[in-house]
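Asker:
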Amino acid sequence: MVLLEVHTGLLQGIRHFRFHAGSPTDTCMALHADAQSTKPLLPKLCIQLYMYLILALAVVFWQPAAGWARSYDTINVSNPFLHKTPVAVPAFKALAAKQAETDIGEKARRILNEGLAFTGYLKLVNPDAFLANPARTGIQLGQINFRDWTGIGAELLITGGVEADQGQVTLKLRLFDTFNTKLLKGKIYTGSESQVRRMVHLFCAEVSHVLTGKWGVFNSRLTFVSRVNGNKEVFVSDFDGHNPRQVTHHKSISLSPAWSSDSQWLAYVSYAKGKPDIYIKHLEQNRGTIVSREGMNISPAWMPGQAKLAAALSFSGNQQIYLLTRDGEIIKKVTGSWGINVSPRFSPDGRKLAFVSNRSGTPQIYIKDLNTEDVRRVTFQGRYNTSPAWSPDGKRMAYVGIDKNKIDIYMINLASGPGMPVQLTKNQGDNEDPSWSPDGNLIVFTSSRENNSPALYVMTAAGTDQRRLMHMTGRQTQPAWSGPMVQED
Amino acid sequence: MNKKLWINVVMAMLVAGLFLTVSCAKKTVVSDATTIEDQAAMTEAEAAAEAEARKKAEAERIRQQELEAQQASEAALEQARQQAAKTRFLHQNIHFAFDSAALSSEAKELLKKKAQWLKQNANVSVTIEGHCDERGTTEYNLALGERRASAVEKYLQDLGIGGFRLDTVSFGEERPLDPGQTEAAYAKNRRAQFVLK
Numbered sequence: 001m002v003l004l005e006v007h008t009g010l011l012q013g014i015r016h017f018r019f020h021a022g023s024p025t026d027t028c029m030a031l032h033a034d035a036q037s038t039k040p041l042l043p044k045l046c047i048q049l050y051m052y053l054i055l056a057l058a059v060v061f062w063q064p065a066a067g068w069a070r071s072y073d074t075i076n077v078s079n080p081f082l083h084k085t086p087v088a089v090p091a092f093k094a095l096a097a098k099q100a101e102t103d104i105g106e107k108a109r110r111i112l113n114e115g116l117a118f119t120g121y122l123k124l125v126n127p128d129a130f131l132a133n134p135a136r137t138g139i140q141l142g143q144i145n146f147r148d149w150t151g152i153g154a155e156l157l158i159t160g161g162v163e164a165d166q167g168q169v170t171l172k173l174r175l176f177d178t179f180n181t182k183l184l185k186g187k188i189y190t191g192s193e194s195q196v197r198r199m200v201h202l203f204c205a206e207v208s209h210v211l212t213g214k215w216g217v218f219n220s221r222l223t224f225v226s227r228v229n230g231n232k233e234v235f236v237s238d239f240d241g242h243n244p245r246q247v248t249h250h251k252s253i254s255l256s257p258a259w260s261s262d263s264q265w266l267a268y269v270s271y272a273k274g275k276p277d278i279y280i281k282h283l284e285q286n287r288g289t290i291v292s293r294e295g296m297n298i299s300p301a302w303m304p305g306q307a308k309l310a311a312a313l314s315f316s317g318n319q320q321i322y323l324l325t326r327d328g329e330i331i332k333k334v335t336g337s338w339g340i341n342v343s344p345r346f347s348p349d350g351r352k353l354a355f356v357s358n359r360s361g362t363p364q365i366y367i368k369d370l371n372t373e374d375v376r377r378v379t380f381q382g383r384y385n386t387s388p389a390w391s392p393d394g395k396r397m398a399y400v401g402i403d404k405n406k407i408d409i410y411m412i413n414l415a416s417g418p419g420m421p422v423q424l425t426k427n428q429g430d431n432e433d434p435s436w437s438p439d440g441n442l443i444v445f446t447s448s449r450e451n452n453s454p455a456l457y458v459m460t461a462a463g464t465d466q467r468r469l470m471h472m473t474g475r476q477t478q479p480a481w482s483g484p485m486v487q488e489d
Numbered sequence: 490m491n492k493k494l495w496i497n498v499v500m501a502m503l504v505a506g507l508f509l510t511v512s513c514a515k516k517t518v519v520s521d522a523t524t525i526e527d528q529a530a531m532t533e534a535e536a537a538a539e540a541e542a543r544k545k546a547e548a549e550r551i552r553q554q555e556l557e558a559q560q561a562s563e564a565a566l567e568q569a570r571q572q573a574a575k576t577r578f579l580h581q582n583i584h585f586a587f588d589s590a591a592l593s594s595e596a597k598e599l600l601k602k603k604a605q606w607l608k609q610n611a612n613v614s615v616t617i618e619g620h621c622d623e624r625g626t627t628e629y630n631l632a633l634g635e636r637r638a639s640a641v642e643k644y645l646q647d648l649g650i651g652g653f654r655l656d657t658v659s660f661g662e663e664r665p666l667d668p669g670q671t672e673a674a675y676a677k678n679r680r681a682q683f684v685l686k
């Protein structure tokens with residue numbers, strides 16, 4: 001329990017692996033953690049088991065922790081991003097003592113550092129403080145004196161080894177818990193030098209999974225809209241905006257790209273035929289369709305796990321939300337009120353639909369239960385609330401609100417009923433288009449805070465660590481990360 | 490007395506002779522002059538007639554020219570008037586309040602003029618574009634822009650413009666007229682705009 005005092009405010013997952021050294025959780029992790037094994041045994045079963053354990057442990061141990069924390073600081077409990085876990089990443093070892101290995105190691109370490117910092121709940125220990133150099137003394141469990149690391153405040157340690165031979169690169173990466181002196185995860189990756197970035201991000205996903213039970217954002221891809229020669233086109237990139245690829249070439253206005261939950265399909269809006277239509281497109285194969293009914297066809301959103309979408313269509317004269325097949329056929333009408341009904345977003349379990357309607361006179365967010373047909377309004381503060389974005393656990397909703405002519409991102413807690421929204425952005429230009437990372441830790445959004453020109457930014461779900469995602473020519477808007485994917489080994 | 494009479498006779502004869510002499514001499518000269526004068530008089534008349542004709546023709550020409558010029562300028566004026574009317578039709582936009590698709594009385598007055606123009610130009614079909622200012626969110630603004638365009642379309646239909654001549658499209662906040670971020674720019678951008686098909 002001494003550790004709890006030190007780590008109040010860490011993510012639940014981190015807490016749990018600290019509390020229960022030697023618990024069944026470790027048995028599960030040990031299957032992954034074998035440094036020489038690249039393929040964990042029964043990975044899916046293990047992930048499930050792990051999730052259940054996390055849940056069970058949360059139930060058993062959360063109560064005293066929360067109670068204790070509340071007595072002196074309630075902010076820490078709700079905001080794990082205020083107290084980041086310090087992680088040390090010393091230089092990688094050149095396993096065959098080649099200069100090329102040292103160089104690749106430095107590149108890999110830089111990518112790793114950026115990836116770890118990206119999570120929002122880890123912070124890097126300043127290398128100037130390091131007392132040991134595993135690149136010389138060894139990167140394996142028996143070769144590390146963990147006091148060198150706990151002494152400088154590092155709670156986690158990641159060591160790396162590089163082998164480079166005839167264009168093939170092998171990366172050996174290990175994550176250690178310094179206080180419990182144990183290996184949490186070891187992985188070996190092999191590929192060409194150009195794949196080093198991908199290898200490191202696969203390991204970042206492993207780190208995220210060990211610490212939080214979720215794979216994080218590293219396996220996700222990002223889609224967004226960017227200006228190209230005065231037009232707007234849809235792009236897809238790595239999770240962090242690297243390797244952007246233009247996926248539309250309509251030379252028109254293209255908007256609102258939305259991922260299917262298997263990340264194979266995009267639905268988006270384009271004016272390619274002179275008016276807004278919905279394009280449903282497979283990213284790899286030449287498949288898809290166009291929904292071009294009379295009036296406008298806008299704001300597509302995929303139903304989780306289904307080849308179905310919700311979208312706002314206006315052929316009836318009013319903008320109503322419909323459920324469509326992936327072929328663009330109408331399954332049913334979801335909204336019926338007069339006025340504007342747009343921006344449908346399914347709850348992560350697919351049972352509810354959030355949307356924006358001005359049925360009360362101003363745009364507000366409503367949630368419809370698709371089974372009971374009940375509709376409830378969820379935003380009550382202010383006269384303009386749009387762009388709903390469910391957290392992946394379905395408990396919270398980020399959205400855009402306008403207050404005193406300032407456009408900002410807010411969050412409401414759905415579980416506790418209508419309460420005061422939390423303002424996540426403030427006094428930094430206009431902020432729009434919130435979209436969650438699949439692990440629920442990060443929110444990507446559009447902000448005009450620099451040069452009055454919209455660009456993509458990232459913050460933690462608590463609104464901290466707001467930073468620009470990438471620098472790219474043109475203006476970027478409407479970002480969205482692809483849904484959770486199970487890590488492939 | 491006889492003597493006086495004789496003198497008188499002689500005097501009379503002398504005067505008569507003198508008179509006759511003078512007359513004779515004078516006659517010849519006058520005759521010549523008359524001939525010349527007669528010839529000159531004829532040429533002058535001809536010239537006067539000619540001049541008159543020329544003057545007339547010139548006047549006619551000028552009148553014609555003035556008429557043509559007037560006609561041309563009237564045509565040009567009419568054309569300019571029509572052009573101005575068309576320009577007004579295309580560039581005087583219908584404006585809206587923030588987050589509203591309701592037509593103000595000002596907007597309705599302007600739409601009546603637009604309906605007039607559409608009636609005078611019966612062969613013209615138009616697209617009504619609905620636009621929004623940049624405040625607000627992309628998707629909601631697409632819907633709002635469509636409602637603005639539809640409100641205008643419906644009002645014109647109520648004024649007797651055939652629906653087949655009218656079409657709508659919303660551009661949401663994608664095509665601002667004024668890229669500025671002032672209230673004036675926003676007001677300019679919240680509009681329904683007419684485009685000829």
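Chains as they are written, first to last, in the working numbering: chain A, 1 to 489; chain B, 490 to 686. Virtual Cβ for every residue (Gly too), placed ideally from N, Cα, C. The model shown is predicted, which means the values in this text are computed figures rather than measured ones.
Do A/R198 and A/I111 come within 7 Å of each other at the CB atom, strictly closer than that value?
Answerer: The sequence position of residue 111 of chain A within the first sequence is 111, counting from 1. The sequence position of residue 198 of chain A within the first sequence is 198, counting from 1. Not closer than 7 Å, so no.
Asker: Short of 7 Å in beta carbon distance, which residues of its chain neighbour A/D34, apart from the five on each side in sequence? Order them along the chain.
Answerer: Locating residue 34 of chain A in the first sequence gives position 34, where the first residue counts as 1. At A/D34 the pLDDT is 38, less than 50, meaning the model places this residue with poor confidence and gives no usable figure here.
Asker: Taking the alpha carbon of A/Q319 as the reference point, which residue from A/S343, A/K98, A/N286 has its own alpha carbon closest?
Answerer: Taking the first sequence and counting its residues from 1, the one referred to as residue 319 of chain A is at position 319. It is A/S343.
Asker: Exposed or buried, which one is A/S482 when buried takes at least 16 other CB atoms within 10 Å?
Answerer: Along the first sequence, read from residue 1 onward, the residue named residue 482 of chain A stands at position 482. The residue is buried, with at least 16 neighbouring Cβ atoms inside 10 Å.
Asker: Does B/E555 pass the burial test, meaning 16 or more other C-beta atoms within 10 Å, or should it be called exposed?
Answerer: Counting from one through the second sequence, the residue named residue 555 of chain B turns up at place 66. Under this definition B/E555 is an exposed residue.
Asker: Mind pulling the chain B residues with CB within less than 8 Å of A/A267?
Answerer: Along the first sequence, read from residue 1 onward, the residue named residue 267 of chain A stands at position 267. Ordered by position in chain B, no residue passes the 8 Å Cβ test against A/A267, which lies about 13 Å from the chain.
Asker: Taking beta-carbon pairs under 7 Å, can you tell me which members of the segment 228 to 260 of chain A lie near chain B?
Answerer: Taking 7 Å as the Cβ-Cβ cut-off against chain B, the residues of the segment 228 to 260 of chain A that qualify are I253, L255, S256.
Asker: Beta carbon of A/S448, beta carbon of A/P479: below 7 Å?
Answerer: Translated into positions along the first sequence, residue 448 of chain A becomes position 448. Translated into positions along the first sequence, residue 479 of chain A becomes position 479. Against a cut-off of 7 Å, the Cβ pair of A/P479 and A/S448 comes out as no contact.
Asker: By a C-beta neighbour count over all protein chains shown, 10 Å radius and 16 as the cutoff for buried, is B/W606 buried or exposed?
Answerer: Here residue 606 of chain B corresponds to residue number 117 of the second sequence, with the count starting at 1. With 16 or more other Cβ atoms within 10 Å, it is buried.
Asker: Taking C-beta to C-beta, are A/R359 and A/S337 nearer than 7 Å?
Answerer: As a first step, residue 359 of chain A must be located in the first sequence, where it is residue number 359. As a first step, residue 337 of chain A must be located in the first sequence, where it is residue number 337. Yes; because the gap between Cβ atoms is below 7 Å, this pair is in contact.
Asker: For a test of the three-state rule: what should DSSP assign to A/Y121, helix, strand or coil?
Answerer: As a working mapping, residue 121 of chain A is identified with position 121 in the first sequence. In this structure, A/Y121 counts as coil in the three-state DSSP scheme.
Asker: In chain A, what lies closer than 8 Å to B/Q670 by C-beta?
Answerer: Reading the second sequence from its first residue, position 181 is the one you call residue 670 of chain B. Within chain A, the residues near B/Q670 are N452.
Asker: Which one of A/H249, A/A154, A/D465, A/H201 has the shortest CA to CA distance from A/R109?
Answerer: Sequence index remark: in the first sequence, residue 109 of chain A carries index 109 (1-based). The candidate whose alpha carbon is nearest that of A/R109 is A/H201.
Asker: Rounded to a whole number of angstroms, what is the C-alpha to C-alpha distance between A/Q99 and A/D165?
Answerer: Your numbering for residue 99 of chain A matches position 99 in the first sequence. Your numbering for residue 165 of chain A matches position 165 in the first sequence. Straight-line Cα distance between these residues: approximately 12 Å.
Asker: At what residue ranges does the segment 541 to 611 of chain B contain a whole run of the alpha helix (DSSP H), taking only runs of 4 or more?
Answerer: Within the segment 541 to 611 of chain B, the complete alpha helix (DSSP H) runs of at least 4 residues are 594 to 609.
Asker: Could you tell me whether the Cβ of A/K275 comes closer than 7 Å to any Cβ of chain B?
Answerer: One-based indexing of the first sequence puts residue 275 of chain A at position 275. Yes - at least one Cβ of chain B is within 7 Å of the one on A/K275.
Asker: In the DSSP assignment, find the unbroken beta strand (DSSP E) run with A/R221 in it and report its ends.
Answerer: In the first sequence, residue 221 of chain A corresponds to position 221, counting from 1. Where A/R221 is concerned, the enclosing beta strand (DSSP E) stretches over 221 to 228.
Asker: Helix, strand or coil, according to DSSP, for B/D667 in the structure here?
Answerer: Start at 1 with the first residue of the second sequence, and residue 667 of chain B comes out as number 178. In this structure, B/D667 counts as coil in the three-state DSSP scheme.
Asker: Hey, how far is the Cα of B/E567 from the Cα of B/N612?
Answerer: For the purposes of this step, residue 567 of chain B is taken as the residue at position 78 of the second sequence. For the purposes of this step, residue 612 of chain B is taken as the residue at position 123 of the second sequence. Their backbone Cα atoms lie some 19 Å apart in a straight line.
Asker: B/N630 lies in the alpha helix (DSSP H); which residues open and close that run?
Answerer: What you label residue 630 of chain B is simply residue 141 of the second sequence in a count that begins at 1. 627 to 647 is the extent of the alpha helix (DSSP H) around B/N630.
Asker: 7 Å is my cut-off, CB to CB: does A/P479 come that close to chain B?
Answerer: On the first sequence, position 479 is the one that residue 479 of chain A refers to. No, its Cβ sits nowhere closer than 7 Å to a Cβ of chain B.
Asker: Return helix, strand or coil for A/T460, following the three-state DSSP convention.
Answerer: As a first step, residue 460 of chain A must be located in the first sequence, where it is residue number 460. In the structure shown, A/T460 sits in a strand (DSSP, three-state: E or B).
Asker: For A/T150 and A/T178, which I take to be in contact (beta-carbon distance under 8 Å), what is that distance rounded to the nearest angstrom?
Answerer: Locating residue 150 of chain A in the first sequence gives position 150, counting from the first residue. Locating residue 178 of chain A in the first sequence gives position 178, counting from the first residue. Right, the Cβ-Cβ distance comes to about 5 Å (below 8 Å), so this counts as a contact.
Asker: With DSSP as the reference, label A/G161 as helix, strand or coil.
Answerer: The sequence position of residue 161 of chain A within the first sequence is 161, counting from 1. Residue state, collapsed to three classes: strand.
Asker: Is it true that the CB of A/R221 sits closer than 7 Å to the CB of A/V236?
Answerer: In the first sequence, the residue the question calls residue 236 of chain A occupies position 236. In the first sequence, the residue the question calls residue 221 of chain A occupies position 221. Yes, these two residues count as a Cβ contact at 7 Å.
Asker: Over the uninterrupted alpha helix (DSSP H) stretch that includes A/R136, give me the two end residues.
Answerer: Position 136 of the first sequence, counting from 1, holds the residue named residue 136 of chain A. A/R136 -> alpha helix (DSSP H) spans 134 to 137.
Asker: Along chain B, which residues have their Cβ under 9 Å away from the Cβ of A/A312?
Answerer: For this step, residue 312 of chain A is matched to residue 312 along the first sequence. Neighbours of A/A312 on chain B, chain order: E628, L631, A632.
Asker: Leaving aside the five residues before and after A/T496 along the sequence, list all residues of the same chain whose C-beta is less than 6 Å from its C-beta, in chain order.
Answerer: One cannot answer for residue 496 of chain A here, as it falls past the ends of chain A, which runs 1 to 489.
Asker: Can you name the residues of chain D whose CB is closer than 8 Å to the CB of B/S614?
Answerer: Although the question refers to chain D, the structure presented lacks it and instead comprises the protein chains A and B.
Asker: Could you pull out every residue in the same chain whose Cβ sits closer than 8 Å to the Cβ of A/D349, ignoring the five residues on either side in sequence?
Answerer: Translated into positions along the first sequence, residue 349 of chain A becomes position 349. Excluding residues within five positions, the ones whose Cβ falls inside 8 Å are P304, G394.
Asker: Under a Cβ-count criterion, where at least 16 other Cβ atoms within 10 Å of its own Cβ denotes burial, should B/Q682 be classed as buried or exposed?
Answerer: Counting from one through the second sequence, the residue named residue 682 of chain B turns up at place 193. Flag for B/Q682 reads buried.
Asker: Excluding the 5 residues flanking A/V422 on each side, which residues of the same chain have their C-beta closer than 6 Å to its C-beta?
Answerer: Residue 422 of chain A sits at position 422 when you count from the first residue of the first sequence. So the list reads M411, once near-sequence residues are dropped.
Asker: Counting only Cβ-Cβ distances shorter than 8 Å, please list the residues of the segment 583 to 605 of chain B near chain A, keeping chain order.
Answerer: Listed by position along the chain: D588.
Asker: Relative to chain B, which residues along the segment 373 to 398 of chain A have a C-beta separation below 7 Å, given in chain order?
Answerer: Listed in sequence order: Y384, T386, S387.
Asker: At a Cβ cut of 9 Å, what residues of the segment 331 to 349 of chain A count as close to chain B, listed as they run along the chain?
Answerer: Flagged, chain order: G339, I340, N341, V342, S343.
Asker: Exposed or buried, what is B/V684 when buried is set at 16 or more other beta-carbons lying within 10 Å of its beta-carbon?
Answerer: Working through the second sequence from its first residue, we reach residue 684 of chain B at position 195. Answer is exposed; the Cβ neighbour count stays below 16.
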